[in-house]
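Participant: Shown below is the structure under consideration.
In the UniProt record's numbering, the protein residues as written are 1 to 256.
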């Protein structure tokens with residue numbers, strides 16, 4: 001599962017905890033984050049407005065027409081490729097790689113849930129991806145081509161370091177796609193066909209690498225949109241963080 005890993009801008013807030021190893025301090029959330037969190041969650045359980053109150057598009061998702069829904073999703077990376085060849089974290093591509101070709105309505109589930117997670121990772125790469133909302137299952141799922149690109153593009157060893165990520169999530173929308181509902185854009189097909197027609201195996205491999213760099217390694221099929229407050233640090237430091245982080249964050253996200 002890929003959860004909010006696409007830097008969803010106004011609908012997702014990531015707060016990277018910069019915990020001081022000597023003093024055990026953590027940066028929780030700034031005033032603007034608290035205001036947006038309150039705005040997102042304010043009102044009855046049926047209120048699913050995913051915008052701050054002063055936004056020009058402050059309309060509940062289920063009241064948007066189909067074109068506006070697609071525009072919102074596209075702005076958040078819907079059907080865009082994502083590069084995962086860097087150990088520093090995922091990077092959203094600049095191009096839409098697929099189209100929703102099913103005659104069925106978009107598989108979007110409206111939600112109004114608050115969830116919390118504590119995830120332990122064993123190396124720097126996993127920590128960076130989990131901090132950006134990826135599940136451990138999604139982090140570990142890599143094709144042979146992706147593994148080869150990771151090795152090729154990361155010249156430094158992925159250091160072993162046990163870390164803990166703590167996050168509180170407001171889930172507002174969930175997107176659940178299936179491969180059967182998607183078709184590639186013609187430009188993507190054309191680029192891969194050109195890559196595979198190169199005369200030698202070496203040239204084919206290099207051309208395929210360049211195509212992945214251009215379009216991305218994967219398409220997110222399942223992801224959430226909402227707000228995420230996240231802190232990640234080494235296991236030794238994270239275990240010493242005061243329980244007040246959880247309590248403060250929960251109060252910030254709970255309707256008043």
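Where a beta carbon is used, it is the ideal one built from N, C-alpha and C, also for glycine.
Looking only at its chain, what residues have a beta carbon closer than 6 Å to the beta carbon of residue 146, apart from the 5 residues adjacent to it on each side?
Facilitator: Numbered from its first residue, the chain shown carries residue 146 at position 146. For residue 146, where only same-chain residues beyond five positions count, the Cβ hits under 6 Å are 217.
Participant: Taking 8 Å as the cut-off, decide whether the C-beta atoms of residue 184 and residue 82 are in contact.
Facilitator: By 1-based counting over the chain shown, the position of residue 184 is 184. By 1-based counting over the chain shown, the position of residue 82 is 82. Not a contact, by the Cβ cut-off of 8 Å.
Participant: Going by alpha carbons, who is nearest to residue 210 out of 221, 193, 79 and 224?
Facilitator: Here residue 210 refers to the residue found at position 210 when the chain shown is read from its first residue. Nearest of 221, 193, 79 and 224 to residue 210, Cα basis: 193.
Participant: What does a CB cutoff of less than 8 Å around residue 162 pick up in its chain, not counting 5 residues either side in sequence?
Facilitator: Position 162 of the chain shown, counted from the start, is the residue given in the question as residue 162. Correct list, in chain order: 120, 121, 122, 234 and 235.
Participant: Pick helix, strand or coil for residue 193, following the three-state DSSP scheme.
Facilitator: On the chain shown, position 193 is the one that residue 193 refers to. In the structure shown, the three-state DSSP call for residue 193 is helix.
Participant: May I have a chain-ordered list of the alpha helix (DSSP H) segments no shorter than 4 residues that lie completely inside the region 110-139?
Facilitator: 124-131
Participant: Does the distance from the C-beta atom of residue 170 to that of residue 114 stay below 8 Å?
Facilitator: Reading the chain shown from its first residue, position 170 is the one you call residue 170. Reading the chain shown from its first residue, position 114 is the one you call residue 114. Their beta carbons are under 8 Å apart, which means residue 170 touches residue 114 by this criterion.
Participant: Please name the residue, chosen from 166, 177 and 143, that lies closest to residue 116 on a Cα-to-Cα basis.
Facilitator: Here residue 116 refers to the residue found at position 116 when the chain shown is read from its first residue. The candidate whose alpha carbon is nearest that of residue 116 is 166.
Participant: Is the CB-CB distance between residue 124 and residue 153 below 8 Å?
Facilitator: Taking the chain shown and counting its residues from 1, one reaches residue 124 at position 124. Taking the chain shown and counting its residues from 1, one reaches residue 153 at position 153. Against a cut-off of 8 Å, the Cβ pair of residue 153 and residue 124 comes out as no contact.
Participant: What does the alpha-carbon distance come out to for the pair residue 133 and residue 228?
Facilitator: Walking along the chain shown from the start, residue 133 turns up at place 133. Walking along the chain shown from the start, residue 228 turns up at place 228. Straight-line Cα distance between these residues: approximately 8 Å.
Participant: Check this for me: beta carbons of residue 172 and residue 225, under 8 Å apart or not?
Facilitator: As a working note, residue 172 is residue 172 in the chain shown. As a working note, residue 225 is residue 225 in the chain shown. Contact flag set, yes.
Participant: By Cβ distance below 6 Å, which residues in the same chain neighbour residue 176 in space, the five residues on each side in sequence not counted?
Facilitator: As a working note, residue 176 is residue 176 in the chain shown. So the qualifying residues of the chain are 107 and 222.
Participant: Does at least one heavy atom of the ligand MG sit under 7 Å from the Cβ of residue 67?
Facilitator: With respect to the ligand MG, the structure shown offers nothing to examine, as it has no ligands at all.
Participant: Within 10 Å of its beta-carbon, does residue 138 have 16 or more other beta-carbons around it, so buried, or fewer, so exposed?
Facilitator: Here the question's residue 138 lines up with position 138 in the chain shown. Per the 10 Å Cβ criterion, buried.
Participant: Output needed for residue 159: all residues of its chain with C-beta closer than 7 Å, excluding positions within five of it in sequence on either side, in chain order.
Facilitator: As a first step, residue 159 is located in the chain shown; it is residue number 159 there, counting from the start. Excluding sequence neighbours, residue 159 sits near 123 and 124.
Participant: Please report the straight-line C-alpha distance between residue 76 and residue 85, rounded to a whole angstrom.
Facilitator: Taking the first residue of the chain shown as position 1, residue 76 is located at position 76. Taking the first residue of the chain shown as position 1, residue 85 is located at position 85. Using only the alpha carbons, I get a separation of about 21 Å.
Participant: With DSSP collapsed to three states, give me the class of residue 160.
Facilitator: Position 160 of the chain shown, counted from the start, is the residue given in the question as residue 160. It is a strand residue.
Participant: Given this structure, state the Cα-to-Cα distance separating residue 109 from residue 204, to the nearest angstrom.
Facilitator: Along the chain shown, one-based indexing puts residue 109 at 109. Along the chain shown, one-based indexing puts residue 204 at 204. Roughly 41 Å between the two C-alpha positions.
Participant: Buried or exposed, going by whether 16 or more other CB atoms sit within 10 Å of the CB of residue 74?
Facilitator: As a working note, residue 74 is residue 74 in the chain shown. It counts as exposed.
Participant: Buried or exposed for residue 104, going by 16 or more other Cβ atoms inside 10 Å?
Facilitator: Your numbering for residue 104 matches position 104 in the chain shown. Exposed, since its Cβ has fewer than 16 Cβ neighbours within 10 Å.
Participant: According to the Cβ coordinates, are residue 80 and residue 93 closer than 8 Å?
Facilitator: For the purposes of this step, residue 80 is taken as residue 80 along the chain shown, with counting starting at 1. For the purposes of this step, residue 93 is taken as residue 93 along the chain shown, with counting starting at 1. The answer is yes: Cβ separation under 8 Å.
Participant: What whole-angstrom Cβ distance do residue 188 and residue 101 have, given they're in contact under 8 Å?
Facilitator: Working through the chain shown from its first residue, we reach residue 188 at position 188. Working through the chain shown from its first residue, we reach residue 101 at position 101. Contact flag wrong, Cβ pair sits at about 14 Å.
Participant: Quick check on this structure: which residue in 197, 239, 179 and 149 has the alpha carbon closest to the alpha carbon of residue 214?
Facilitator: For the purposes of this step, residue 214 is identified with residue 214 of the chain shown, where counting begins at 1. Selected option, being the one with the closest Cα: 149.
Participant: Could you give the residue range of the alpha helix (DSSP H) that holds residue 70?
Facilitator: Reading the chain shown from its first residue, position 70 is the one you call residue 70. Where residue 70 is concerned, the enclosing alpha helix (DSSP H) stretches over 66-75.
Participant: Might you give, ordered along the chain, the residues of its own chain that have their beta carbon closer than 6 Å to the beta carbon of residue 157, omitting 5 neighbours on each side?
Facilitator: The residue you call residue 157 lines up with position 157 of the chain shown. No residues qualify anywhere along the chain.
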